[in-house]
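A short write-up of the structure that comes next.
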Amino acid sequence: MYDNKVESSENNINSTGKWVFDAEIANRFTDEAEKHIPDYWKVIELTINILKDNVPKDGYIIDVGCASGNTLLYLYKQGFNKLFGIDDSQEMLKVAGKNLSKVDKDFPSRLFRSKTFVQNMTFDAIICNWTLHFIQERQEYLKAIFDSLISKGLFILTEKTLQSQITENQYILFKQNKRLSNEEIERKKQQLEGVLNPLSVRQNIELLNKTGFYQTDIINARLGFVTFLCIKP
Numbered sequence: 003m004y005d006n007k008v009e010s011s012e013n014n015i016n017s018t019g020k021w022v023f024d025a026e027i028a029n030r031f032t033d034e035a036e037k038h039i040p041d042y043w044k045v046i047e048l049t050i051n052i053l054k055d056n057v058p059k060d061g062y063i064i065d066v067g068c069a070s071g072n073t074l075l076y077l078y079k080q081g082f083n084k085l086f087g088i089d090d091s092q093e094m095l096k097v098a099g100k101n102l103s104k105v106d107k108d109f110p111s112r113l114f115r116s117k118t119f120v121q122n123m124t125f126d127a128i129i130c131n132w133t134l135h136f137i138q139e140r141q142e143y144l145k146a147i148f149d150s151l152i153s154k155g156l157f158i159l160t161e162k163t164l165q166s167q168i169t170e171n172q173y174i175l176f177k178q179n180k181r182l183s184n185e186e187i188e189r190k191k192q193q194l195e196g197v198l199n200p201l202s203v204r205q206n207i208e209l210l211n212k213t214g215f216y217q218t219d220i221i222n223a224r225l226g227f228v229t230f231l232c233i234k235p
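If you count the sequence shown from 1, you need to add 2 to reach the working numbering.
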């Protein structure tokens, strides 16, 4: 269960002007994701297809940074029944709980609010799409994920990576094509500075290898957003 005692902000910036996942963002998260994350639905579909082919329907799966619950909802519809979610945002968990309770009234009890990974649980697969780049202690968090996976367990990670200016320009064009103004694009970029901390693709792979994930495949990449498939030995 997660703690209900948390202050909510009036908008999607905190007192320092930085980005936060508040009620406003939580209630329109899918639209926000589609406008700012290349291949958002494609990565979710790819994640689900990999899990369908490699994890039993009664396997334990957790979505780290579950947001409004889109991935968990689609996994549930595919017949998976041991699903869990974790997020640091109380407002996101409220929306996820509301969405997921429509298909399983007990689902909200399997959603956890925490800055750290869950303890004393073992999983067949762990999903961490568009989340780790917000976590300061990456190595420590990855170690907790690694330790919680069964042998041959799957870890699917999607990260925004460091980009050349050429790729950055194409990413800006992607957002412009989603009808975002230059002012909106620049404002969010400034809000995310110091909050979202990307690494290069090489740095991500080195970090995964250091954690113990010696087999790492890149299964999707677009405009600096890269999805890794890792298998625990």
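Cβ coordinates follow ideal geometry from the N, Cα and C atoms, glycine included.
{"Asked": "Local conformation of I174 per DSSP, three classes", "Found": "helix"}
{"Asked": "Expected contact under 8 Å - CB spacing of L102 and G71 to nearest Å", "Found": "5 Å"}
{"Asked": "Residue burial classification, E142 (beta-carbon count within 10 angstroms, cutoff 16)", "Found": "exposed"}
{"Asked": "Beta-carbon proximity check, C68 vs L113, cutoff 8 Å", "Found": "yes"}
{"Asked": "Boundaries of the alpha helix (DSSP H) in which G87 is found, first to last residue", "Found": "That residue, G87, is in no alpha helix (DSSP H); its beta strand (DSSP E) goes K84 to D89."}
{"Asked": "Residue from D33, D41, T32 and N29 whose Cα sits closest to the Cα of T229", "Found": "D41"}
{"Asked": "Extent of the continuous alpha helix (DSSP H) run through Q217", "Found": "No alpha helix (DSSP H) holds Q217; the beta strand (DSSP E) holding it covers Q217 to R224."}
{"Asked": "Closest Cα partner of T124 within the set D108, V57 and I147", "Found": "I147"}
{"Asked": "Strand pairing of F136, partner residues [DSSP]", "Found": "Note: F136 sits in no beta bridge, so no partner."}
{"Asked": "Per-residue burial, I104 [other beta carbons within 10 Å of its own, 16 or more giving buried]", "Found": "Note on identity: in this sequence residue 104 is Lys, with Ile being the wrong assignment. The residue is exposed, with fewer than 16 neighbouring Cβ atoms inside 10 Å."}
{"Asked": "Close-in-space but distant-in-sequence residues of the same chain around I88 (CB under 8 Å, 5 per side omitted)", "Found": "I64, D65, V66, G67, C68, L113, F114, R115, S116, F119 and V120"}
{"Asked": "DSSP three-state assignment for V97, whether helix, strand or coil", "Found": "helix"}
{"Asked": "DSSP beta-bridge partners of F157", "Found": "I128 and C232"}
{"Asked": "Selection from D219, N171 and K84 that minimises the alpha carbon distance to I233", "Found": "D219"}
{"Asked": "Nearest-angstrom Cα separation, counted from C130 out to I27", "Found": "19 Å"}
{"Asked": "Residue span of the beta strand (DSSP E) that contains D65, given as start and end", "Found": "Y62 to V66"}
{"Asked": "Pair within 8 Å by beta-carbon distance, D60 and K84", "Found": "yes"}
{"Asked": "For Q172 and L201, the rounded distance between their alpha carbons", "Found": "19 Å"}
{"Asked": "Alpha carbon of G81 to alpha carbon of I128, nearest angstrom", "Found": "17 Å"}
{"Asked": "Beta strand (DSSP E) segment containing F31, residue limits", "Found": "Premise fails: F31 lies in the alpha helix (DSSP H), F31 to H38, not in any beta strand (DSSP E)."}
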